[in-house]
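Report on the following structure.
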Amino acid sequence: MSMIEFRDVQKYYGKFHALHDINLEIDKGETVVLIGPSGSGKSTLARSVNGLETIQEGQLIVNGHDIADKNTNINRIRTDVGMVFQHFNLYANKNVLENVMLAPRIVLKMDEAENKKSAMALLDQVGLADKAENMPSQISGGQAQRVAIARALAMKPRCMLFDEPTSALDPEMIDDVLRVIKYVTNQSDMTSLIVTHEMGFAQEVANRVIFMADGRILEDDKTDTFFEHPTNERARQFLSKIIKH
Amino acid sequence: MISAFTNNWQNFLTGFGWTLLSSIVALFFSLIIGSLFAILEVVPNKALRVIGNIYVEIFRNIPLLVITMFFYLVIPLYFVKINGFTAGTIGLTIYTSAFIAETVRSGINSVDVGQMEASRAQGMKYTQAMRYIVLPQAFKLVIPPLGNQFVNLVKNSSVLAFVAGFDLMYQGNAIASQTFDTVNTYLVVGVFYLIITLPISYYMQHLERKLA
Numbered sequence: 001m002s003m004i005e006f007r008d009v010q011k012y013y014g015k016f017h018a019l020h021d022i023n024l025e026i027d028k029g030e031t032v033v034l035i036g037p038s039g040s041g042k043s044t045l046a047r048s049v050n051g052l053e054t055i056q057e058g059q060l061i062v063n064g065h066d067i068a069d070k071n072t073n074i075n076r077i078r079t080d081v082g083m084v085f086q087h088f089n090l091y092a093n094k095n096v097l098e099n100v101m102l103a104p105r106i107v108l109k110m111d112e113a114e115n116k117k118s119a120m121a122l123l124d125q126v127g128l129a130d131k132a133e134n135m136p137s138q139i140s141g142g143q144a145q146r147v148a149i150a151r152a153l154a155m156k157p158r159c160m161l162f163d164e165p166t167s168a169l170d171p172e173m174i175d176d177v178l179r180v181i182k183y184v185t186n187q188s189d190m191t192s193l194i195v196t197h198e199m200g201f202a203q204e205v206a207n208r209v210i211f212m213a214d215g216r217i218l219e220d221d222k223t224d225t226f227f228e229h230p231t232n233e234r235a236r237q238f239l240s241k242i243i244k245h
Numbered sequence: 001m002i003s004a005f006t007n008n009w010q011n012f013l014t015g016f017g018w019t020l021l022s023s024i025v026a027l028f029f030s031l032i033i034g035s036l037f038a039i040l041e042v043v044p045n046k047a048l049r050v051i052g053n054i055y056v057e058i059f060r061n062i063p064l065l066v067i068t069m070f071f072y073l074v075i076p077l078y079f080v081k082i083n084g085f086t087a088g089t090i091g092l093t094i095y096t097s098a099f100i101a102e103t104v105r106s107g108i109n110s111v112d113v114g115q116m117e118a119s120r121a122q123g124m125k126y127t128q129a130m131r132y133i134v135l136p137q138a139f140k141l142v143i144p145p146l147g148n149q150f151v152n153l154v155k156n157s158s159v160l161a162f163v164a165g166f167d168l169m170y171q172g173n174a175i176a177s178q179t180f181d182t183v184n185t186y187l188v189v190g191v192f193y194l195i196i197t198l199p200i201s202y203y204m205q206h207l208e209r210k211l212a
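This is the structure we're talking about:
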């Protein structure tokens, strides 16, 4: 059964056609990596899944609800879809623990004691329990991104969107973040959509790879097939230019 | 200067009291009204944004004296009788609220859009994102310019003198025209304004340092 389904989706920024005839189905539990040159629409596609970008045409079904439908309660759907941003976007006026606890408290109305217990457990999972009282400005980028992942997981989402989660990080911080993402995607019932330039990581975690350019999906293959025999010419060029690591 | 004060201390203190009262009332309400219009100026709803814009642009671009005179002369003609103190304080509140709205709006716009996106992505409503995440950061950013607005407000309260508001400036004018000791009278008036404005300046600097 599919968790995310794009049906003939079109997205425009003014006259610019950002997403072209997108048809895509992502099943529950799948880990899909989205790659392509910058400006190809990868982030736009990921951000439309939780309605941060609105689509102009087509249907976008997330967890059984069409998010383009005006009657859909977008806030309800967003509680099921966690998002991790390139620039972390931790709440700058809240400490690490509050970053994790805020949304469960005010959106899910979670019991305070249970909320705190779950938040501390999550921070422990990402290796940052000792930073609970720190402000976001006092921790490193890699730590901030791991807090951001814990914050997203605190809502107990069915699906996670990672929008270039390591692109703003110093190289030595990337591994810690990738390890956490891998742990998340390995949970059997978690659906993940990851926009990334880390090809080695993509090969390791993805069930499927989608290649985009100019707002279109040009290739959609099983991971091994994609990396060994990409059929699309643009995808071949792209792969040959990227240093594998 | 000392004798200018001791000979008329009751009048000066009365004026000081009215100036202080008018400033406090105007500060309280202009902060609330200004913040509300600042929020109106940034909400997704276009009609509300237009309303916010019209309010701010009108009252920011009319002289304070004209707004005050309007309340003093025009309102009693068609609606209710109000005294000079009330008219002056209302004028001061509305005028200052337009500037506070602009100040707070610039603060809201300075908060990184990622803060709003992250909040909404977690299922928070727009109002929750504003209340818990965006506004607290915006107000922190605008503490220094808000302090300036507060100091301006106190100084602008001298507009009450034009509508018989019994404030410091009004008392100063009265004393000067009775005693002909203009220099010393206005020196005393100046000192009284400093008594209100300097602590505001220092407190704002202190807040800025503390929150930085």
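Residue numbers (UniProt numbering), protein chains in the order written: chain A, 1 to 245; chain B, 1 to 212.
Ideal Cβ placement from N, Cα and C applies to all residues, glycine included.
*asked:* So that I know if they touch, is there some Cβ in chain B lying closer than 9 Å to that of lysine 70 of chain A?
replied: no
_I'd like to know whether the C-beta atoms of arginine 76 of chain A and leucine 161 of chain A end up nearer to each other than 9 Å._
no
*Establish whether the CB of residue 246 of chain A and some CB of chain B are separated by less than 9 Å.*
The first residue shown for chain A is 1 and the last is 245, placing residue 246 of chain A beyond what the model contains.
_9 Å Cβ cutoff met for leucine 108 of chain A and tyrosine 91 of chain A_ = no
*Return helix, strand or coil for glycine 58 of chain A, following the three-state DSSP convention.*
strand
*If you count every other CB in all the chains shown that lies within 10 Å of the CB of methionine 212 of chain A, and 16 or more means buried, which is it?*
buried
*Below 8 Å, can you find three or more Cβ-Cβ pairs linking the stretch 77–85 of chain A to the stretch 153–171 of chain A?*
yes
*Given a cut-off of 9 Å, decide if isoleucine 149 of chain A and valine 205 of chain A are closer than it, judged by their beta-carbon atoms.*
For the pair valine 205 of chain A and isoleucine 149 of chain A, the CB atoms are not nearer than the 9 Å cut-off.
*Check whether the Cβ of isoleucine 106 of chain A sits closer than 8 Å to any heavy atom of the ligand FMN, and report yes or no.*
Of ligands this structure carries none, so the ligand FMN is not represented either.
*Any Cβ of chain B within less than 9 Å of the Cβ of valine 81 of chain A?*
yes
*Can you say whether leucine 60 of chain A is buried or exposed, counting buried as having 16 or more other CB atoms within 10 angstroms of its CB?*
buried
*asked:* Counting only beta-carbon separations shorter than 9 Å, does isoleucine 139 of chain A have a partner in chain B?
replied: Against chain B, the CB of isoleucine 139 of chain A has no partner CB under 9 Å away; the residue lies outside that interface.
*Cut-off 8 Å between Cβ atoms - residues of its own chain near isoleucine 174 of chain A, not counting five sequence neighbours on either side*: Gly142, Thr166 and Glu198
*Does any C-beta atom of chain B lie closer than 9 Å to the C-beta of lysine 94 of chain A?*
yes
*Under a CB-based cut-off of 9 Å, is phenylalanine 162 of chain A close to chain B?*
no
*Enumerate in chain order the residues of its own chain whose CB-to-CB distance from glycine 127 of chain A is below 6 Å, with the five nearest sequence positions on each side excluded.*
none
*Helix, strand or coil for histidine 206 of chain B per DSSP?*
helix
*Sorted by chain position, which residues of the same chain lie with C-beta nearer than 8 Å to tryptophan 9 of chain B's C-beta, five sequence neighbours on each side aside?*
none
*Using 9 Å as the limit for Cβ to Cβ distance, is alanine 119 of chain A near chain B?*
no
*Could you tell me which of A:Gly29, A:Ala152, A:Arg78 and A:Ile139 sits nearest to lysine 65 of chain A, measuring between CA atoms?*
Residue identity differs from the one stated: residue 65 of chain A is histidine in this sequence, not lysine. The shortest CA-to-CA distance from histidine 65 of chain A to any of A:Gly29, A:Ala152, A:Arg78 and A:Ile139 is the one to A:Arg78.
_For residue 217 of chain B, the first and last residue of its enclosing beta strand (DSSP E)_ = Only positions 1 to 212 of chain B appear in this structure, which leaves residue 217 of chain B out of reach.
*Quick one: residues in its chain with C-beta nearer than 7 Å to the C-beta of alanine 168 of chain A, no 5 flanking neighbours on either side, listed in chain order?*
The answer, listed in chain order, is Gln86, His87 and Gly141.
*In chain A, what lies closer than 7 Å to glycine 114 of chain B by C-beta?*
For the C-beta of glycine 114 of chain B, the chain A residues within less than 7 Å are, from N- to C-terminus, Phe85, His87 and Asn89.
*Could you tell me how far apart the beta carbons of glutamine 137 of chain B and valine 111 of chain B are, in whole angstroms, since I believe they sit closer than 8 Å?*
5 Å
*With DSSP run on the structure shown, which of helix, strand or coil describes methionine 135 of chain A?*
coil
*Does the beta carbon of methionine 204 of chain B come closer than 9 Å to any beta carbon on chain A?*
no
*Using a C-beta to C-beta distance shorter than 9 Å, which residues of chain B count as neighbours of methionine 155 of chain A?*
What methionine 155 of chain A touches in chain B: Gln122 and Gly123.
*At 9 Å on the CB atoms, spell out the chain A contacts of isoleucine 133 of chain B, in chain order.*
Per Cβ cutoff of 9 Å: Tyr91, Ala92, Asn93, Lys94 and Leu102.
*Measuring alpha carbon to alpha carbon, tell me which of A:His17, A:Asn23 and A:Thr72 ends up nearest glutamine 56 of chain A.*
A:His17
*With a Cβ-Cβ cutoff of 9 Å, do arginine 208 of chain A and valine 33 of chain A count as a contact?*
yes
*What's the gap between the Cα of isoleucine 39 of chain B and the Cα of tyrosine 126 of chain B?*
11 Å
_Under 9 Å between C-beta atoms of valine 62 of chain A and glutamate 25 of chain A_ = No; because the gap between Cβ atoms is not below 9 Å, this pair is not in contact.
*Would you mind sorting histidine 245 of chain A into buried or exposed? The rule is 16 or more other CB atoms within 10 Å of its CB.*
Interpretation of histidine 245 of chain A is limited by its pLDDT of 49, a score under 50 that renders its predicted location unreliable; the figure taken from the coordinates is listed afterwards. Residue burial annotation: histidine 245 of chain A is exposed, with fewer than 16 other C-beta atoms found within 10 angstroms of its C-beta.
*By Cβ distance, which residues of its chain are closer than 6 Å to valine 25 of chain B, with the 5 residues on each side in sequence left out?*
Thr89
*What are the residues of the stretch 93–119 of chain B that lie near chain A, defined by any Cβ-Cβ distance shorter than 7 Å?*
Residues Gly114, Gln115, Glu117 and Ala118.
*C-alpha gap between threonine 93 of chain B and phenylalanine 12 of chain B, whole angstroms*: For threonine 93 of chain B and phenylalanine 12 of chain B, the gap between their C-alpha atoms comes out near 23 Å.
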